[in-house]
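Student: Just so you know, the protein sequences line up as chains A and B, in that order. All residue numbers for the first sequence refer to our numbering, where the first residue is 1 and numbers rise by one. All residue numbers for the second sequence refer to our numbering, where the first residue is 1001 and numbers rise by one. Built from N, CA and C at the ideal position, the CB exists for glycine as well.
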Amino acid sequence: MSPFTTVPLHAVAHGRAGDKGNRSNISVIPYNADIFPYLVEQVTEARVMDIFRHKGASACTRYLLPKLPAMNLVIDDALEGGVNSALNQDLHGKTLSFLLLGELTVTVPLDFISPQSRYHSETR
Amino acid sequence: MTEPRIYIGSGAGFAGDRLDAAVPVVATLKECDGPRYLIYEVMGERTLAIAQRIKMRHPDRGYSPYLDAYLPKILADCKKHNIRIVANLGNANPLGGAKRVHQIAAELGIENLRVAIVNGDDLLGFMSAADIAALPTIEGVGIDGKEIVAANAYIGARPVAAALKLDVDVVLVGRTTDAALVLGPLIHEFGWGEDDLDLLAAGTLAGHLLECGGQVTGGYFCDPGFKDVPGMDELGFPIGEISAAGDIIITKAAKTGGMVTTATVTEQMLYEVHDPAAYLTPDVTLDITDVTIDDLGNDRVRVCGARGTPPPDTLKVTVSADGGWMAESELIYAGPNALARAELAADIVKTRCRQRGVQDNMRLDITATGAVFDNDQSQRRQGENRPLDGEFRLRAVIRTFDKATAQYVNDEVLSLFCSGPAGGGGYRCNITGQVNTASVLVPREPVESRCNAEEVLP
């Protein structure tokens, strides 16, 4: 049994942010499909809200696509008004996928982290 | 597999996309054995408001300013090899755009080029501003009482197919769904009917995958060391190969950089999607929850399993109104204690603006501190200890309907040169006119009954 390690989501998944009005959607796609159950368990709506609340986010809805596998996070009011009224330099919230990937941590078997990854040495 | 396929390449995924990306796409398409199309998707939510303003001043214009940048590079080759162009380069004036295409053809010595347009997305053509303002709003700012600059319905793929039926080389549209640029040709070639919901869903998914150009071939994807993409400097734009049964293969232009893999396609498939079981379009409601994505190797990825349910009985309309001004101004501090100097500069600007009556929302960012992840109160920056040394850029920004106030805030940042902390340099500023948008819903019939496709003669 591999030991577990706690790493930013960026170590095990990738994603892309899109905007419609004041709503952001961020996909989360694991590099290795076998890690998806850990993400389902740990990348919860409540934990996502903790990362976006300071921007005014009011709700998060998570949609699971197990056949891919991937999840789609839809975060209401996450864009400080969106392109109509945001003062943020990133009006569309294009960078926000990396806010999520960098700040949401997951605890996963160390086997899923490549020994070459900077996250392997950081967390061992 | 020898089933006939339609080949649809992308030349641009937004206004401002690589100017020469279509050239290798066309070179690849002309070797494909089957009907070939090239699409350009160049419209965002604000595009029409900007284009309408241009059209008000210059009635011949208001089509995409990128039309002249994109089309001359490939028009002769497309005509010669029967690669038909479908583009929303018409913006607020498809007729003006079509006339310009004829001029370009004449300048390049291209003979017998035929061009058609799709009309009917412009609600201001038959509805009063008051009637538009009364439509139910689904997102965006309130538009009641504001002057409406543009109001355009997202029309579907059927008018695009009708334009292709006129046997033209180029179809210019204004506001259709982005996916209609792909679904229109598929409906035209395969004769898909309104009840072929799963096929319409597959065509819509193909359109969604292709509409953003390089975003499906490694662009907006590459993350060095984690998601490496070869040849980003010559990123190949995508080509979809779609069968009559709705089987989709996504590949890319030959002899280019970039890549098409399960991961690149998955990211683009979920881009700007909310409920994956209900992606609403005027042609079909797309359900991608059962889609599977298979890497065939050599930059070929197969996508199947899209399902369709009937479309909604309303159309989405983007309504644009004047949004006042946004002023941004920046000053750099570098070296030892730079962050403290930048913080002091931010405090000075904020204090002076507030004491002199600036009421509008303003924000003072310091870039290189994660400013885009922060909020208007700079909560994250103030809550963290970070090195004071480095290079930091103060950014002051305000939105206001009073242009003098916008200028005043920029001037306050400029004055920091001699009256602020030590060592500020590299002042940059701009003031830009803003557009506010709202999405509203309109019943289909009055819009669709006015939609028509017509050929525009030279």
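So with CB distances below 7 angstroms, who are the chain A contacts of glycine 1323 of chain B?
Tutor: Start at 1 with the first residue of the second sequence, and residue 1323 of chain B comes out as number 323. Correct list: Asn84.
Student: Assign threonine 1400 of chain B to one of two classes, buried (16 or more other C-beta atoms within 10 Å of its C-beta) or exposed (fewer than that).
Tutor: As a working mapping, residue 1400 of chain B is identified with position 400 in the second sequence. Classification of threonine 1400 of chain B: buried, given that the 10 Å Cβ count is 16 or more.
Student: Count the other CB atoms, across all protein chains shown, that sit within 10 Å of the CB of glutamate 1412 of chain B; report buried if there are 16 or more and exposed otherwise.
Tutor: Walking along the second sequence from the start, residue 1412 of chain B turns up at place 412. Buried: at least 16 other Cβ atoms inside 10 Å.
Student: Report the partner residues of phenylalanine 4 of chain A according to the DSSP bridge assignment.
Tutor: As a working mapping, residue 4 of chain A is identified with position 4 in the first sequence. A/Pro109, per the DSSP bridge assignment.
Student: In the DSSP assignment, the alpha helix (DSSP H) including lysine 1055 of chain B goes from what residue to what residue?
Tutor: For the purposes of this step, residue 1055 of chain B is identified with residue 55 of the second sequence, where counting begins at 1. Where lysine 1055 of chain B is concerned, the enclosing alpha helix (DSSP H) stretches over 1047-1057.
Student: Give a yes or no on whether the C-beta atoms belonging to alanine 1049 of chain B and valine 1358 of chain B are separated by under 8 angstroms.
Tutor: In the second sequence, counting from the first residue as 1, residue 1049 of chain B sits at position 49. In the second sequence, counting from the first residue as 1, residue 1358 of chain B sits at position 358. In this structure, valine 1358 of chain B does not lie closer than 8 angstroms to alanine 1049 of chain B by Cβ.
Student: Under 8 angstroms, Cβ to Cβ, is there at least one residue of chain B near glutamine 89 of chain A?
Tutor: Here residue 89 of chain A refers to the residue found at position 89 when the first sequence is read from its first residue. Yes - at least one Cβ of chain B is within 8 angstroms of the one on glutamine 89 of chain A.
Student: Kindly indicate if chain B contains any beta-carbon less than 8 angstroms away from that of alanine 59 of chain A.
Tutor: Numbered from its first residue, the first sequence carries residue 59 of chain A at position 59. False, the Cβ-Cβ gap to chain B never drops below 8 angstroms.
Student: Tell me, to the nearest whole angstrom, how far the beta carbon of alanine 1327 of chain B is from that of aspartate 1198 of chain B; I am working on the premise that it is less than 8 angstroms.
Tutor: Position 327 of the second sequence, counted from the start, is the residue given in the question as residue 1327 of chain B. Position 198 of the second sequence, counted from the start, is the residue given in the question as residue 1198 of chain B. Wrong, their Cβ atoms sit about 50 angstroms apart, outside the cutoff.
Student: For tyrosine 1220 of chain B and chain A, any beta-carbon pair shorter than 8 angstroms?
Tutor: Counting from 1 along the second sequence, the entry for residue 1220 of chain B is found at position 220. Judged by the 8 angstroms Cβ criterion, tyrosine 1220 of chain B is in contact with chain A.
Student: Going by DSSP in three states, phenylalanine 1392 of chain B sits in which element: helix, strand or coil?
Tutor: What you label residue 1392 of chain B is simply residue 392 of the second sequence in a count that begins at 1. If DSSP states are grouped into helix, strand and coil, phenylalanine 1392 of chain B belongs with the strands.
Student: Check the C-beta distance from isoleucine 1006 of chain B over to glycine 1034 of chain B and give it rounded, since I have them as a contact under 8 angstroms.
Tutor: Walking along the second sequence from the start, residue 1006 of chain B turns up at place 6. Walking along the second sequence from the start, residue 1034 of chain B turns up at place 34. Rounded, the Cβ-Cβ distance is 6 angstroms, consistent with contact.
Student: Closer than 7 angstroms, Cβ to Cβ, to anything on chain B: give me those residues from the region 35-63 of chain A, in chain order.
Tutor: Of all residues in the region 35-63 of chain A, His54, Lys55 and Tyr63 have a Cβ within less than 7 angstroms of some Cβ in chain B.
Student: Can you find a C-beta in chain A that's less than 8 angstroms from the C-beta of tyrosine 1271 of chain B?
Tutor: By one-based count along the second sequence, residue 1271 of chain B stands at place 271. Tyrosine 1271 of chain B counts as touching chain A.
Student: If you measure from the beta carbon of leucine 79 of chain A to each beta carbon in chain B, is any gap under 8 angstroms?
Tutor: As a first step, residue 79 of chain A must be located in the first sequence, where it is residue number 79. It does not; no Cβ of chain B falls within 8 angstroms.
Student: Would you identify the three-state DSSP class for leucine 1461 of chain B, choosing helix, strand or coil?
Tutor: Lying outside 1001 to 1458, the shown extent of chain B, residue 1461 of chain B is not represented and no answer is given.
Student: So which residues on chain D does isoleucine 1293 of chain B lean against when the C-beta distance must stay under 7 angstroms?
Tutor: Of the protein chains in this structure, namely A and B, none is chain D.
Student: What are the residues of the region 1347-1377 of chain B that lie near chain A, defined by any Cβ-Cβ distance shorter than 9 angstroms?
Tutor: Answer in chain order: Asn1361, Met1362, Arg1363, Asp1365, Thr1367, Gly1370, Ala1371, Val1372, Phe1373, Asp1374, Asn1375, Asp1376 and Gln1377.
Student: Assuming threonine 1264 of chain B is part of the alpha helix (DSSP H), what are its boundary residues?
Tutor: As a position in the second sequence, residue 1264 of chain B is number 264, starting the count at 1. Here the alpha helix (DSSP H) through threonine 1264 of chain B covers 1262-1270.
Student: Since I believe glycine 1231 of chain B is in contact with threonine 1256 of chain B (beta carbons under 8 angstroms), could you give me their beta-carbon distance rounded to a whole number of angstroms?
Tutor: Locating residue 1256 of chain B in the second sequence gives position 256, counting from the first residue. Locating residue 1231 of chain B in the second sequence gives position 231, counting from the first residue. Indeed, because the Cβ distance is near 7 angstroms, the residues count as touching under 8 angstroms.
Student: What are the boundary residues of the alpha helix (DSSP H) that threonine 1204 of chain B is part of?
Tutor: Locating residue 1204 of chain B in the second sequence gives position 204, counting from the first residue. Element bounds for threonine 1204 of chain B: 1197-1210.
Student: What does leucine 1326 of chain B pair with, by DSSP beta-bridge criteria?
Tutor: For the purposes of this step, residue 1326 of chain B is taken as the residue at position 326 of the second sequence. Before going further, note that residue 1326 of chain B is methionine rather than leucine in the sequence given. B/Arg1399 and B/Thr1432, per the DSSP bridge assignment.
Student: Looking only at C-alpha atoms, which of B/Gln1379, B/Gly1218, B/Glu1194 and B/Lys1079 sits nearest to glutamate 1267 of chain B?
Tutor: The residue you call residue 1267 of chain B lines up with position 267 of the second sequence. Comparing Cα positions, the closest option is B/Gly1218.
Student: Would DSSP call leucine 99 of chain A helix, strand or coil?
Tutor: The sequence position of residue 99 of chain A within the first sequence is 99, counting from 1. The answer is helix: DSSP assigns leucine 99 of chain A an H, G or I state.
Student: Would you check if the region 1370-1385 of chain B and the region 53-67 of chain A touch, i.e. whether three or more CB-CB distances between them fall below 8 angstroms?
Tutor: Short answer: they touch.
Student: Cα-Cα, which of B/Asp1299, B/Ala1130, B/Ala1098 and B/Val1168 is closest to glycine 1174 of chain B?
Tutor: For the purposes of this step, residue 1174 of chain B is taken as residue 174 along the second sequence, with counting starting at 1. With distances taken between Cα atoms, glycine 1174 of chain B lies closest to B/Ala1098.
Student: Is the closest heavy atom of the ligand PLP to the C-beta of proline 1458 of chain B under 7 angstroms?
Tutor: Ligands are entirely absent from the displayed structure, and the ligand PLP is therefore not among its contents.
Student: At which residues does the alpha helix (DSSP H) containing aspartate 1294 of chain B begin and terminate?
Tutor: By 1-based counting over the second sequence, the position of residue 1294 of chain B is 294. No alpha helix (DSSP H) holds aspartate 1294 of chain B; the beta strand (DSSP E) holding it covers 1292-1297.
Student: So, using beta-carbon positions, are threonine 130 of chain A and phenylalanine 4 of chain A closer together than 8 angstroms?
Tutor: Here chain A covers residues 1 to 124 and nothing more, so residue 130 of chain A does not appear.
Student: Here's a check: name, in chain order, each residue in its chain whose Cβ is nearer than 6 angstroms to the Cβ of glycine 1207 of chain B, leaving out the five neighbours to either side.
Tutor: Here residue 1207 of chain B refers to the residue found at position 207 when the second sequence is read from its first residue. Ala1179, Val1182 and Leu1183, listed in sequence order.
Student: Under 8 angstroms between the Cβ atoms of leucine 1124 of chain B and alanine 1153 of chain B?
Tutor: Here the question's residue 1124 of chain B lines up with position 124 in the second sequence. Here the question's residue 1153 of chain B lines up with position 153 in the second sequence. No; because the gap between Cβ atoms is not below 8 angstroms, this pair is not in contact.
Student: Does the distance from the CB of valine 43 of chain A to the CB of isoleucine 75 of chain A come in under 8 angstroms?
Tutor: Within the first sequence, the letter at position 43 stands for residue 43 of chain A. Within the first sequence, the letter at position 75 stands for residue 75 of chain A. Not in contact: valine 43 of chain A and isoleucine 75 of chain A (Cβ atoms no closer than 8 angstroms).
Student: What does the Cβ neighbour count give for alanine 1422 of chain B, buried or exposed, with the cut at 16 atoms within 10 Å?
Tutor: Numbered from 1 along the second sequence, position 422 holds the residue referred to as residue 1422 of chain B. Exposed: under 16 other Cβ atoms inside 10 Å.
Student: Looking only at its chain, what residues have a beta carbon closer than 6 angstroms to the beta carbon of alanine 1015 of chain B, apart from the 5 residues adjacent to it on each side?
Tutor: Here residue 1015 of chain B refers to the residue found at position 15 when the second sequence is read from its first residue. Hits under 6 angstroms: Val1042 and Tyr1066.
Student: If the cut is a Cβ gap below 9 angstroms, which residues of chain A does phenylalanine 1226 of chain B touch?
Tutor: By 1-based counting over the second sequence, the position of residue 1226 of chain B is 226. Here the neighbours are His10, Ala11, His14, Tyr31 and Ser117.
Student: Indicate whether at least one CB of chain A lies closer than 8 angstroms to the CB of alanine 1118 of chain B.
Tutor: Here residue 1118 of chain B corresponds to residue number 118 of the second sequence, with the count starting at 1. In the sequence under discussion, the amino acid at residue 1118 of chain B is valine, which differs from the alanine named in the question. No - not a single Cβ of chain A is within 8 angstroms of the one on valine 1118 of chain B.
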